[in-house]
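What follows is one structure encoded as structure tokens, with my remarks underneath.
2 protein chains.
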Amino acid sequence: MTPLSTTMARVSSPGATDDRRRRVLEVAARALAEEGPHALSLRRIAAESGGSTQIVYTLFGGKPGLADALYAEGFRRLGAAMAAALDAAPPPGDPERLIALGRGYRAFALDEPAFFSVMFGRAIPGFTPARATRGVGRSATLGRVVEAAQQCLDAGTLVGADAEQLARTCWVTTHGLASLEVNGMLAAEGRDAFAEAVLRTPLAAHLPPEPGQG
Amino acid sequence: MTPLSTTMARVSSPGATDDRRRRVLEVAARALAEEGPHALSLRRIAAESGGSTQIVYTLFGGKPGLADALYAEGFRRLGAAMAAALDAAPPPGDPERLIALGRGYRAFALDEPAFFSVMFGRAIPGFTPARATRGVGRSATLGRVVEAAQQCLDAGTLVGADAEQLARTCWVTTHGLASLEVNGMLAAEGRDAFAEAVLRTPLAAHLPPEPGQG
DNA sequence: ACGGTGTCATAACGCTGTTATACCTGAGCT
DNA sequence: AGCTCAGGTATAACAGCGTTATGACACCGT
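Quick mapping for you: the protein sequence lines, in order, are chains A and B. Those letters in the first sequence? Residues 1 to 214, per my numbering, in order. Those letters in the second sequence? Residues 1001 to 1214, per my numbering, in order.
Right under this line is the structure:
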């Protein structure tokens, strides 16, 4: 009996199921990212994972379950992109952090358009995310923006806004930009400059009225 | 060499092909609107149109062709929704017309989420719109906004902006709102009020500096 | 009147997601 | 220890999908 996961290895170690789950998900994520949503077939994923189609049913309960897992994985990657963008931003309280979050969001959309389309565009035919999964993704995304907005309001670098509503407005603006870009609706020329300008739009009305110093 | 642009009609009247094309498209549009993108099957559409699956190939060249026609039809309906919203708006030069266009856009997305997902969400598995079709849709949508923005700039009701860039910013903002709403990412409570606030966001930085008389 | 052309319905191919079936392993109980 | 039982696995089948080849049919220009 091989102690490792290389061969079929029944259920030797207690975490074996998680391992296989992770492996199948990894195969599916790569197929999605590299070849698009229509490359997600149970047979192919099962074969590349070294098993039969049944594996997707035992591990995920079917294709909708796998899609839900990919949906969650997409939000995980989006969160990572936003976190990475925050790392290169000024400390909390600076409105630039809101811009940075938008940049990270946009970068994710342009880097992973297939994931983005699964998350925000019905790219997997019959799939609608489970309420719970959608709520988690929503909170994970919006939460970071609310936090950054609240820090700006606390610091007085933004005024006259509610953190939640300001964050949602930022999300809407950033998402519209990313979505239209992913769908090829914005001209290629000057895209980046336009994006920078757009990301600043929601903040204009809430900058402190004092004369700026440079 | 056929003197007319239409292909030669197997049936008596010369416009018969166009008629069938329209009929098939109508069946497909209804299936899409009422049951969603995954209800679009060649066999079903052909049967409901009173023919065989081949009809979609002779009239549209295959499913991508039919999808392209539905994509164009979606933009036609979006244009109609925006035009209808303009009819109920103040005369040209009033920034409220830009808000009205946004309302029409949002109303279309909420009324026809399946069309919206085909247009902006890769809802038909293998389908990417033809460059030309996408360009037409883009122009038809953005053009109305550019026109309204230019009228405001000419009238001085908006200042310090470029019509094209302002219009694109309005589109991005409105589209982000509509897209997140269609995908269930915005809480139901207070949706309409939030939408109204969001639609006004791009205009804030370009309102004339004079003290308002309201 | 006749070949040519394009449309049509039928049938087949390979693919899809899903489900039923049988097998086989490992755990737990007697 | 031997046995039963639950559960993961592979296989095969089913219905449906988009697509394509095939043959019959109606119209066109000659």
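All residues carry an ideal CB built from backbone N, CA and C; glycine is no exception.
At a beta-carbon threshold of 9 Å, the residues of chain A lying near residue 1201(B) are 169, 172, 173, 201, 202, 204 and 205, ordered along the chain. Look at the segment 132-143 of chain A: the residues with a C-beta under 9 Å from a C-beta of chain B are 134, 137, 138, 141 and 142.
A buried status is given to residue 1176(B), since no fewer than 16 other beta-carbon atoms sit within 10 Å of its beta-carbon. Around the beta carbon of residue 54(A), fewer than 16 other beta carbons lie within 10 angstroms, which makes this residue exposed.
Within chain A, no C-beta atom comes less than 9 Å from the C-beta of residue 1191(B); the nearest is roughly 11 Å away. The C-alpha of residue 26(A) lies about 40 Å from the C-alpha of residue 1027(B). The beta-carbon separation of residue 1141(B) and residue 173(A), rounded to 18 Å, does not stay under the 8 Å limit for a contact. For the pair residue 1097(B) and residue 1148(B), the CB atoms are nearer than the 8 Å cut-off. When C-beta distances to chain A are compared with 8 Å, every residue of the segment 1078-1106 of chain B stays at or above that value. Secondary structure note for residue 108(A): its alpha helix (DSSP H) is the uninterrupted segment 96-111.
Annotation: residue 1180(B) to residue 78(A) spans about 15 Å, alpha carbon to alpha carbon.
In the pairwise beta carbon analysis, the segment 1055-1063 of chain B is classified as not touching the segment 1105-1122 of chain B: fewer than three pairs are separated by under 8 Å. Close CB contacts of residue 107(A) within its chain, under the 6 Å cut and outside five residues either way in sequence, are with 81 (chain order). Taking C-beta atoms under 8 Å as the contact rule, residue 59(A) and residue 21(A) qualify, at a distance of about 5 Å. Rounded to whole angstroms, the gap between the alpha carbons of residue 130(A) and residue 72(A) is 10 Å. Under the three-state reduction of DSSP output, residue 1056(B) falls in the helix class. DSSP places residue 1156(B) outside both helix and strand once states are collapsed to three, so it counts as coil. DSSP places residue 162(A) in the coil class of the three-state scheme, outside both helix and strand.
At a C-beta separation below 9 Å, residue 1041(B) has no neighbours in chain A, since its nearest C-beta there lies roughly 11 Å away.
Here residue 1023(B) really is in contact with residue 1049(B); their C-beta atoms are around 6 Å apart, less than 8 Å. In the displayed model, residue 1028(B) falls within a helix according to three-state DSSP. For the options 1164(B), 1094(B) and 1196(B), the alpha carbon positioned closest to that of residue 1155(B) is the one of 1094(B). For residue 1123(B), the CB contacts under 6 Å within the same chain, skipping 5 residues up- and downstream, are 1037 and 1117 in chain order. Shown here for residue 206(A): same chain residues with a beta carbon closer than 8 Å to its own, the five before and five after excluded, namely 158, 159, 160, 161 and 166 in chain order. For residue 86(A) and residue 45(A), the gap between their C-alpha atoms comes out near 34 Å.
When secondary structure is reduced to three states using DSSP, residue 1201(B) falls in the helix class.
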